[in-house]
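Have a look at the structure below before the remarks.
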Amino acid sequence: MRILVNERGAERLLSRHLWVFRRDVLSGPDTPGLFPVYWGKRFLALALYNPHTDLSVRAYRFRPGDPIEALLENLDRALARRQAALATEPEGGFRLVHAEGDFLPGLVVDYYAGHVVVQATAHAWEGLLPQVAERLRPLARSVLAKNDAKARELEGLPLYVRPLWGEPPAQAVVREGGVRYLVDLQGGQKTGAFLDQRDNRILMERFSGERALDVFSYAGGFGLHLALGFKEVISVDSSREALKRAEENARLNGLSLKTLEANAFDHLRQLEKAGERFDLIVLDPPAFAKGKKDLERAYRAYKEVNLRAIKLLKEGGLLATASCSHHLSEPLFYQMLAEAAADAHRTLRVLERRGQGWDHPVLLNHPETHYLKFALLEVL
Ligand SMILES: C[S@@+](CC[C@H](N)C(=O)[O-])C[C@H]1O[C@@H](n2cnc3c(N)ncnc32)[C@H](O)[C@@H]1O
């Protein structure tokens, strides 16, 4: 059984993009699975396939071979690449599998101090999860399938959270730079934490001062590192659950963190009205642009929060700002920041241009894998 694609689909795979949409599939099996993709008689790739979704074909290898063996080989490679990090920081948090970035489309595997969380959002993985868990066993004390992501519904998959191996605890304690934090393995957002920002969070330990503001803080991620060097740190998030965890995390580290449950847009406006000023502000919003059609509205939202933050900074203050939406490209992200600076009548200087950590690899010819932009800017 094979998948036949049209010329447009073939061009995508020949350019080393991994995706072909259903409209470019000429014929294929009736059920989801792993299949070779052809353009006429020409072999193009091995791919995960689901005839029932728009994103039907997700390639993982550009040469022929046994489909299951090839996929599991990719998994072995991804795990081997993280071995050194696991050996040096067994109590740390790392991404072991970054979906398309590791040629394992639709599969995310995160490591939290010995406990592993798996999230599969492509149909073909469902029957392979026991084999995935088997490969993860030597690295982990437990393996949890946190298959509760909404994206699974589009694939016709059920939502559930259940152990694949061992007894996953309710939470794990992860060491990150100079702090430790609790991860809610079963009930947290995503797989429990946002590992893509780990190196950017640790960067915060280089700075000190009077007041820092961590907006869209989740469980205190950036704020904990800031609390090592700043006298006052305020964490703002709209999720009460996340802030409860931020407070627990502060206690765990013997640090002081003020938490505030609020809509970031409203709160930044209030701070401005009250004439408050900060030495450092972190902005780590959720993806405002979930699809291409949202881009214009999302651009305005990113610009608004950045503009407000820029106005709140003291002279010489630092803005650590991010966007995790791949629809907002890197050039657009910097354009948005430049416009926000101009509208605030302030001059900004870039100290660091960063992105997602090394364990979230980016495929050059599959731009969707480059989603996180992070800039550290100084207000002059
Ligand atoms: C990308 S996560 C932040 C991750 C965090 N900085 C870390 O390093 O762990 C985005 C956060 O924004 C929060 N959020 C979403 N919309 C919000 C809003 N309008 N106002 C405040 N917080 C919001 C979510 O609850 C979530 O915790």
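At the far end of the sequence shown sits residue 369, using the working numbering, and the numbering has no gaps. Cβ coordinates follow ideal geometry from the N, Cα and C atoms, glycine included.
Non-local beta-carbon contacts of C313 in its own chain, meaning distances under 6 Å to residues more than five positions away in sequence, involve A276, Y360 and L361 in chain order.
Counting along the chain, P320 sits inside the alpha helix (DSSP H) bounded by residues E319 to D332. Distances from the CB of A364 to the heavy atoms of ligand 1 are all 6 Å or more.
Within 6 Å of the C-beta of Q186 there is at least one heavy atom belonging to ligand 1.
At least one heavy atom of ligand 1 is found less than 6 Å from the C-beta of S227. A contact between stretches requires three or more CB pairs, one per stretch, nearer than 8 Å, and the segment 59 to 70 meets this requirement with the segment 118 to 126. Taking the CA atoms as reference points, A74 sits about 24 Å from A59. Boundaries around L340 are those of the beta strand (DSSP E), L337 to G344, since no alpha helix (DSSP H) includes it. A distance below 7 Å separates the beta carbons of A216 and L246.
A residue is called buried when at least 16 other Cβ atoms come within 10 angstroms of its Cβ; E165 meets this threshold and is buried.
Inclusion of D203 and F211 in the CB contact set at 7 Å is warranted, their separation being smaller than that value.
Put simply, the segment 0 to 10 touches the segment 20 to 39. At least three CB pairs are less than 8 Å apart. A straight line joining the alpha-carbon of D173 with that of F24 spans about 36 Å. Annotation note: the segment 185 to 212 contains the following uninterrupted alpha helix (DSSP H) runs of length 4 or greater, listed N- to C-terminal: 187 to 192. Each of R130, K139 and A138 was checked against the Cα of P152, and the nearest Cα belongs to R130. Taking 7 Å as the cut-off, the beta carbon of A161 is found closer than this to the beta carbon of Y101.
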